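Counting in this note's numbering, the sequence shown runs from 109 upward without gaps. One structure is given here, and the rest of the page talks about it.
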Amino acid sequence: MAESNSSIPVRRPAPVVGTTLREHVLAGMHAAPGATGDFTSLLNHISLAIRIINTRVRAVGLADMLGYTGETNIQGEEVQKLDAFANEVLLNVLDRSGFCGVVGSEELDEAQIAETHAKYVVLFDPLDGSSNIDTNVGIGTIFAVLRRTEPKLSRPSLDDALRPGRQILAAGYVLYGPSTVFVLSTGHGAHAFTLDPSIGEFFLSQPDIRCPRRGTCFSVNEGYFSRWSPEVQAWARWVKAEKGAAAPPIASAEPFKVPYSSRYVGSLVADAHRTLIKGGIFAYPADTQHTGGKLRLLYEANPMAFLFEQAGGLATTGKDRILDIVPTALHQRTPLVLGSKDDVTAFQQFVDGSPT
Ligand code: AHG
Ligand code: MN
Ligand code: MN
Numbered sequence: 109m110a111e112s113n114s115s116i117p118v119r120r121p122a123p124v125v126g127t128t129l130r131e132h133v134l135a136g137m138h139a140a141p142g143a144t145g146d147f148t149s150l151l152n153h154i155s156l157a158i159r160i161i162n163t164r165v166r167a168v169g170l171a172d173m174l175g176y177t178g179e180t181n182i183q184g185e186e187v188q189k190l191d192a193f194a195n196e197v198l199l200n201v202l203d204r205s206g207f208c209g210v211v212g213s214e215e216l217d218e219a220q221i222a223e224t225h226a227k228y229v230v231l232f233d234p235l236d237g238s239s240n241i242d243t244n245v246g247i248g249t250i251f252a253v254l255r256r257t258e259p260k261l262s263r264p265s266l267d268d269a270l271r272p273g274r275q276i277l278a279a280g281y282v283l284y285g286p287s288t289v290f291v292l293s294t295g296h297g298a299h300a301f302t303l304d305p306s307i308g309e310f311f312l313s314q315p316d317i318r319c320p321r322r323g324t325c326f327s328v329n330e331g332y333f334s335r336w337s338p339e340v341q342a343w344a345r346w347v348k349a350e351k352g353a354a355a356p357p358i359a360s361a362e363p364f365k366v367p368y369s370s371r372y373v374g375s376l377v378a379d380a381h382r383t384l385i386k387g388g389i390f391a392y393p394a395d396t397q398h399t400g401g402k403l404r405l406l407y408e409a410n411p412m413a414f415l416f417e418q419a420g421g422l423a424t425t426g427k428d429r430i431l432d433i434v435p436t437a438l439h440q441r442t443p444l445v446l447g448s449k450d451d452v453t454a455f456q457q458f459v460d461g462s463p464t
């Protein structure tokens, strides 16, 4: 971000539909005292990587990009060709930017540590929803950016990445759906940009997204019902208004309308984006197979939690705030409950049983 060229603070203009992503990020730079332009340039590099991935996603069936590479990643998952491609694009573009001291990817066993004093940490899930690639269902990319605490005085290390999500500088996701939508927050609200593929530019399409206080949709993989705790099972029975379901312990001025409708895509980005825009709740609770949860804290739960909080929503483990978790490992997992304030609170009341 360039030095602001006057002592008069530049007011951050309200985001206007039709603004490009570049202009939006630049306006943030001009409003940030002492900005150097590095963060702006880093975000533009991330946008470039996303646009390259997008072109390949749009032709995945034609470009010999379906199917598997034959490798297995540290998650124990078979790596799909598009996972590997998206990972390579992000690694190369971020490396060429020269701004990253630490890069962590779902597809890399270890974090990449630079031999420089580069300022930023970028953590990403290069391709989210891999199980949906071959069936042309919505998939995405998720990332978080943190600023190293003393970049000039210290060498980059994994510790720069193992910090609670509340210290995130910027987070975003891209949903490669009917259109390509990039939802970004730099800590001043959550804003959605839609790609105009004819000119390769993202334009602001939904400024200041607000997650409704309550929704009517729940999103969870009910196939795992038998693996959940009794408390989560009680919540699941309540949202479906099953006969004899426990009454929600939450005292709410306005009674909940149950049954909720059910939507589950199986791509976090798609399920989260619908929940962010329409409200409701997404949950991937711990279960007997995933005792610590399935979703990864650093590059799935944290970025999503940052965005939901910026939009007035909540993001918890079912008990604790996601953004307060102090990470101990790059690929650690967490239970994740995302969504509207009232709906996440109702879930929480079932799970931690706290009195209303
Ligand atoms: P990824 O493709 O990056 O491994 O992420 C898949 C995740 C997430 O996108 C989704 O919410 C979840 O896996 C779905 O898991 P289930 O298929 O077990 O429901
Ligand atoms: Mn993922
Ligand atoms: Mn992934």
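Glycine included, C-beta positions come from ideal geometry on N, C-alpha and C. Owing to the predicted nature of the structure, the values given are computational and were not obtained by experimental measurement.
- Taking 8 Å as the cut-off, the beta carbon of A354 is found closer than this to the beta carbon of R345.
- Distances between the C-beta of L235 and the heavy atoms of ligand 3 include at least one below 7 Å.
- Contact check for T180 and Q188: beta-carbon distance about 11 Å, past the 8 Å limit, so the pair fails to qualify.
- With a beta-carbon spacing of about 14 Å, I250 and N240 fall beyond the 8 Å limit used to define contacts.
- Here the alpha carbon of A167 sits roughly 22 Å from the alpha carbon of H153.
- One alpha carbon belongs to S337, the other to F414, and they sit about 27 Å apart.
- Taking a cut-off of 8 Å on C-beta distances, the region 304-318 touches the region 123-130, as three or more cross pairs fall below it.
- When the five nearest sequence neighbours on each side are left out, the beta carbons in the same chain lying within less than 7 Å of the beta carbon of R255 are those of K227, Y228, L277, in order along the chain.
- When the Cα atoms are used, I433 and D217 turn out to be separated by approximately 21 Å.
- For S306, there are no CB contacts under 7 Å within the same chain when 5 residues up- and downstream are skipped.
- With the rule of 3 Cβ pairs closer than 8 Å, the region 323-337 does not count as touching the region 143-150.
- For N329, the shortest separation between its Cβ and any heavy atom of ligand 1 lies below 7 Å.
- With a cut-off of 8 Å on Cβ pairs, the region 377-387 is not in contact with the region 397-405, counting fewer than three such pairs.
- Exclusion of the five residues before and after G323 leaves Y368, T383, K386, G387, G388, I389, G447, S448, D451 as the residues of its chain whose Cβ lies within less than 8 Å of its Cβ.
- A direct Cα-Cα distance of roughly 15 Å separates L292 from M137.
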